[in-house]
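What follows is a single structure, written as structure tokens, with notes after it.
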Amino acid sequence: MDSAQPDLIGLQAWEYLSSDEDQKLPHKHCPNRPVAAKHINELGVLNWKLDIKEWDTNPLLEEIKKDRGYNYSEILTLSPQDIEDFEEKVKIFFKEHMHSQEEIRLILDGSGYWDIRDYDGKWLRFRVTKGDLIVLPAGMFHRFTLDESNYVKALLLYTEVPYRTQQLERTEDESIARKLYVEKFLNNPMAVHRSQIAAL
Numbered sequence: 000m001d002s003a004q005p006d007l008i009g010l011q012a013w014e015y016l017s018s019d020e021d022q023k024l025p026h027k028h029c030p031n032r033p034v035a036a037k038h039i040n041e042l043g044v045l046n047w048k049l050d051i052k053e054w055d056t057n058p059l060l061e062e063i064k065k066d067r068g069y070n071y072s073e074i075l076t077l078s079p080q081d082i083e084d085f086e087e088k089v090k091i092f093f094k095e096h097m098h099s100q101e102e103i104r105l106i107l108d109g110s111g112y113w114d115i116r117d118y119d120g121k122w123l124r125f126r127v128t129k130g131d132l133i134v135l136p137a138g139m140f141h142r143f144t145l146d147e148s149n150y151v152k153a154l155l156l157y158t159e160v161p162y163r164t165q166q167l168e169r170t171e172d173e174s175i176a177r178k179l180y181v182e183k184f185l186n187n188p189m190a191v192h193r194s195q196i197a198a199l
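Mind the numbering: the sequence shown is residues 0 to 199 in numbering that gives the first Met the number 0, read in order.
In structure tokens:
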């Protein structure tokens, strides 16, 4: 088996509980409603768990970069000590949006949550920690937040010269990237919907 194939069981995910609580809390139902990692992958998310002690020479990371055409990178640190307008940035990242290209992040330190939309539009949340490499497909509506640690350091990977792609808000359903995402993942007759998936 190709060592660069995604890890289909490596994410902790659950149905997101909407409430007025701080976005940095887990937002789990009681009892929790876990979601199989396979289901997150079927929505288009790819993930690997990497040893990042020497991440810049990690052979699996190099293989993934080569296979997927990630030629450029930058490091971003989010914390009150590193970002002047920290709270504003956290709010911006948590606003639902999508990108016209993949979003690729390797968590070098710290932790946080990504929220993505399920087939029926409900939010699913999954946690990321040190060593998680996450790829969100172009056209997927999502949002990100730190957890209560208020800290994450991530390697951002790109297929082109590094730049932050335009974030398209939820109303931009007619974009090409969105149409392609819906066709490939949400309207795929082979997709297994949440009601057919056993929880972890």
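Just so it is clear, CB atoms sit at the ideal spot from N, CA and C, and this is done for glycine as well. All values derive from a computational prediction rather than experimental measurement.
| query | result |
| --- | --- |
| For Val-191, count neighbouring C-beta atoms within 10 Å of its own C-beta (all shown protein chains included) and say buried if the count is 16 or more, exposed if not. | Because the pLDDT of Val-191 is 49, which lies under 50, any placement of that residue in the model is unreliable, and the number read from its coordinates should be weighed accordingly. Exposed is the call here. |
| Report, in whole angstroms, the separation of the C-beta atoms of Leu-135 and Glu-73, which I expect to be a contact under 8 angstroms. | Wrong, their Cβ atoms sit about 17 angstroms apart, outside the cutoff. |
| Evaluate contact between the region 65 to 72 and the region 36 to 44, counting only Cβ atoms and requiring at least three cross-stretch pairs below 8 angstroms. | no |
| Among the residues of its own chain, which have a CB less than 7 angstroms from the CB of Asp-6, if the five just before and after it don't count? | Asn-46, Trp-47, Lys-48 |
| As an exercise, report each continuous beta strand (DSSP E) stretch of at least 3 residues that is fully enclosed by the region 31 to 73, in chain order. | 45 to 48 |
| Start and end of the alpha helix (DSSP H) containing Ile-175? | 175 to 180 |
| Please name the residue or residues paired with Gly-111 in a DSSP beta bridge. | Val-127, Leu-145 |
| For Lys-178, collect the residues of the same chain with a Cβ closer than 8 angstroms to its Cβ; drop the 5 residues on either side in sequence, then sort them by chain order. | Gly-138 |
| Where do the ends of the beta strand (DSSP E) carrying Glu-86 lie? | Unbroken run through Glu-86 is the alpha helix (DSSP H), 85 to 92; no beta strand (DSSP E). |
| On the DSSP letters alone, give me the boundaries of the beta strand (DSSP E) that Tyr-157 sits inside. | 151 to 157 |
| Should Thr-144 go down as buried or exposed, given a rule of 16 or more other Cβ atoms within 10 Å for buried? | buried |
| Is it buried or exposed for Glu-102, if we count other Cβ within 10 angstroms and need 16 for buried? | buried |
| Can you name the start and end residues of the beta strand (DSSP E) that Gln-166 belongs to? | Run containing Gln-166: none; DSSP gives neither H nor E here. |
| Rounded to the nearest angstrom, how far is the Cβ of Tyr-118 from that of Leu-16, given a contact under 8 angstroms? | Not confirmed; about 19 angstroms, so no contact. |
| Which residues in the same chain as Leu-75 place their Cβ atom closer than 7 angstroms to its Cβ, once the five residues preceding and following it in sequence are excluded? | Ala-153, Leu-155 |
| Would you give the residue range spanned by the beta strand (DSSP E) that Gln-22 belongs to? | That residue, Gln-22, is in no beta strand (DSSP E); it is neither H nor E in DSSP. |
| Can you check whether the CB of Ile-106 is closer than 8 angstroms to the CB of Asp-66? | no |
| Please confirm if Arg-32 has its CB atom under 8 angstroms from at least one CB of chain D. | This model lacks chain D altogether, as it is built from one protein chain only. |
| Hey, out of Arg-104, Lys-94, Gln-80, Val-44, whose CA is closest to Asn-149's CA? | Gln-80 |
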